[in-house]
Structures are given as structure tokens and as C-alpha cells.
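Let me begin by presenting the structure, written as C-alpha cells, before commenting on it.
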Amino acid sequence: MRVLIADDSAIVRTILSQNLEKSPDFEIVCAVSTGRKAFDFARNSGVDIAILDSDMPEMNGIETAGVFVRDLDIPVVLLSENQKDASAAFDIGAIFMRKPKVKDFDSDFFSKLSEKLRSGCRSALKPLKKTEKIDVESDPSFSGFRIVCIGASTGGPTAVASVLSGLGPDFPLPIIYSQHIEVGADKKMSKWLDDTCPNVHVKLASNGEEGKPGTVYMAPADRHLLVDYVKPNGNPVLKISDEPPERFLRPAVNKMFASAAKHYRNACLAVLLTGMGRDGADGCKMVVDSGGFTIAEDKSTCVVFGMPAAAIEVGGAREVLPRSEIPARIRELVK
2 MRVLIADDSA IVRTILSQNL EKSPDFEIVC AVSTGRKAFD FARNSGVDIA
52 ILDSDMPEMN GIETAGVFVR DLDIPVVLLS ENQKDASAAF DIGAIFMRKP
102 KVKDFDSDFF SKLSEKLRSG CRSALKPLKK TEKIDVESDP SFSGFRIVCI
152 GASTGGPTAV ASVLSGLGPD FPLPIIYSQH IEVGADKKMS KWLDDTCPNV
202 HVKLASNGEE GKPGTVYMAP ADRHLLVDYV KPNGNPVLKI SDEPPERFLR
252 PAVNKMFASA AKHYRNACLA VLLTGMGRDG ADGCKMVVDS GGFTIAEDKS
302 TCVVFGMPAA AIEVGGAREV LPRSEIPARI RELVK
């Protein structure tokens, strides 16, 4: 894996380079002091993933990360001492990691950094073929979808906005949505989605709330969003849960998908978008095993092809589509 490092501290560049190169998985191809130098190198050379410091001269880490992800299609791990930068990194589609003081760069930090690099690097994943579309109506017990579930992580806000905007007006089903997000950023993001997608109403979900068609219910930060039960009219009653995190994640896409699969079975439609790690993969498999239908975002449009790839790997993706094709396919399935 070819790694670029940009940090204005020569000491930090050395610490990162020497420790990462202890692993045969990583090759440090460039270590520079500014975002501008990082960009100039990356646009002319092969780079699989970049580690960027948030505070650099000429182009700061946030600006550089935006160019890397958007224009160069290179995944980024953003290191910052300021936790507030996590929200900005998330909006860009970068992977955020808290940067320790120089004396605190220890084995635990490098273990976590290595995991993020492996998960975030799309080139480390084998290419997967796009699946053929499947006729869900061939199932004699199928009487139509009653709920749509969406899960996402790194790069999710932009991806979800794209999908929701493409659903058109008067969408006939309730949508529940779990997104890995920093505490305190959920209200801002739900409002941004609501403003960006005027064809649907986006709100933070409340405990005991009935899901209505045309409304998107987003999981609050650090709380699981579940389907508690289904009303006779087919609408879900939602549960906001403080159950323990799953694999350090709360909300967990797996938990939301599993609860929807349990209550809706073949009437559940789940969509797994860009994200780092494996959350949502097992949940997709539960949806499929319950007779439901799943769509995973194709590698070609993912910011990080981690979660969708994991779903494909475990047999949890009935279709794999680029982001631009997902809204039309959802409309076709729920017509």
C-alpha cells in the first residue's frame, strides 16, 4: 500500500514513516511538509492513501483532504489534535483520527492507524463484479416493500443526499437511516440533509415515533435506531436504544438492519453505502436470509469501499450498483 504523509513537523513525519514501514503492508512513497507539496506529488504519482495533518501552511489538512478525495479520488486519514475537525473531515469523506502529542505516539496509536489505512484503502480490495438485477416479484409471497433502511459511514452524508434527492417527490415508504457520526453533529447533519433534499423530510428519530411515508428518520449520535414493532398499517414504530455499542459503534447499521429484517422479512429493502469497516455487512445478510432485498454501493463511487465490500463478501448484497443508479432502482422496486 503506497502511503503519502503530509505534516509540517519533521519529527512527526519521521515517527509516522519509521513506524508504518515496520509493516510490509505499507510503503511510504512521500513525506512532505505542506498540503501543496502533497497535492503536487499525488497528482503525478501513484498514491493509494494519504495521511494529512490538519494544521499545515499553504493548504491546511481540511482543504488538502477535500482535493484528494474529490479531485484525485485518493482516500485520506486526517490527523488532528482538535476533535472539532472530525465533523469537517466527515463532510469531506475523510477518515478522522485524533492526533496525539509527540511523546504519545505509541503502539496502540499505530495499531489503530494501520487498521484505518487498511480499511480506507480501496486499492487493497479485490475488484468485484457488478451483479445482475433480480426480479423480486418472482417470489409468490412478496406483496411489496414496506420500509427502506439506509446505512453509511465515511463519505455518507454526500452519498445519502444524492440517493435521497433522486427518490423524487411523494416517496411512498418510511426510510430509516443510521450514520456513524460524532456526538453533537447529528442535529446539524439532519438539518443539512433536510435542506438539501426538499423532496423528503429528514429528522432525528424519536423513541416510540411512528415512521411515516416520505420521511427519513436518522439515528441520533451515540444511540441505536431500531424497529420496535410494526403497526397494522405497515408503518414502523421506532425505538431509540442505549444498548452497548456493536464493535465500538453506536449507532450500528447492523442492529438497525437486523431489527428491520426481523419485523418486515421480505418487505424490507436495505441500502448500504460508502463506509469504512464492516458495519452493515452482517445486517445485510440477515435481510437477505429473511427474504428481503439489499443494494450495496459499487466500488467505483464509494469514498471508502469497506462496508459494501464486506456485505458482498458475506453474501449480503443482492445487487451492487454505482451511486447514480441506486435512486432509480429503489423507485423501480417500490413502485
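Start counting at 1 in the sequence shown, then tack on 1, and there's your number in my numbering. C-beta atoms are modelled at their ideal positions from N, C-alpha and C, and glycine is treated no differently.
- In the structure shown, the three-state DSSP call for Glu183 is coil.
- Cα atoms of Ser108 and Asp56: separation of roughly 23 Å, rounded to the nearest angstrom.
- By the Cβ neighbour-count rule, Thr65 is buried, with 16 or more other Cβ atoms within 10 Å of its own.
- Scanning its chain for C-beta atoms nearer than 7 Å, with the 5 sequence neighbours on each side dropped, one finds around Asp92 the residues Pro158, in chain order.
- Arg44 sits in coil when the DSSP states are folded into three classes, being neither helix nor strand.
- Note on geometry: alpha-carbon atoms of Ile148 and Val335 lie some 9 Å from one another.
- When the Cα atoms are used, Gly36 and Asn234 turn out to be separated by approximately 55 Å.
- Here Asn255 is buried: its Cβ has 16 or more other Cβ atoms, across all protein chains shown, within 10 Å.
- If you draw a 10 Å sphere on the C-beta of Gln84, you find fewer than 16 other C-beta atoms in it, and that means exposed.
- If you keep only unbroken alpha helix (DSSP H) runs of at least 4 residues inside the segment 142–174, you get 157–166.
- About 15 Å separates the beta carbon of Leu80 from that of Met60, a gap too long to meet the 8 Å contact definition.
- Counting C-beta atoms within 10 angstroms of its own C-beta, Val304 has 16 or more neighbours from the protein chains shown and is therefore classed as buried.
- Taking the C-beta atoms as reference points, Met219 is found no nearer than 7 Å to Tyr265.
- Rounded to the nearest whole angstrom, the CA to CA distance from Cys269 to Asp196 is 27 Å.
- Between the alpha carbons of Arg119 and Ser163 lies a gap of roughly 27 Å.
- Under the DSSP assignment, Lys204 falls in the beta strand (DSSP E) whose first and last residues are 202–205.
- Boundaries of the alpha helix (DSSP H) harbouring Met308: 308–314, taken from the DSSP string.
- Beta-bridge partners of Arg99 (DSSP): Ser81.
- Taking C-beta atoms as the reference points, Lys240 and Asp229 count as a pair closer than 7 Å.
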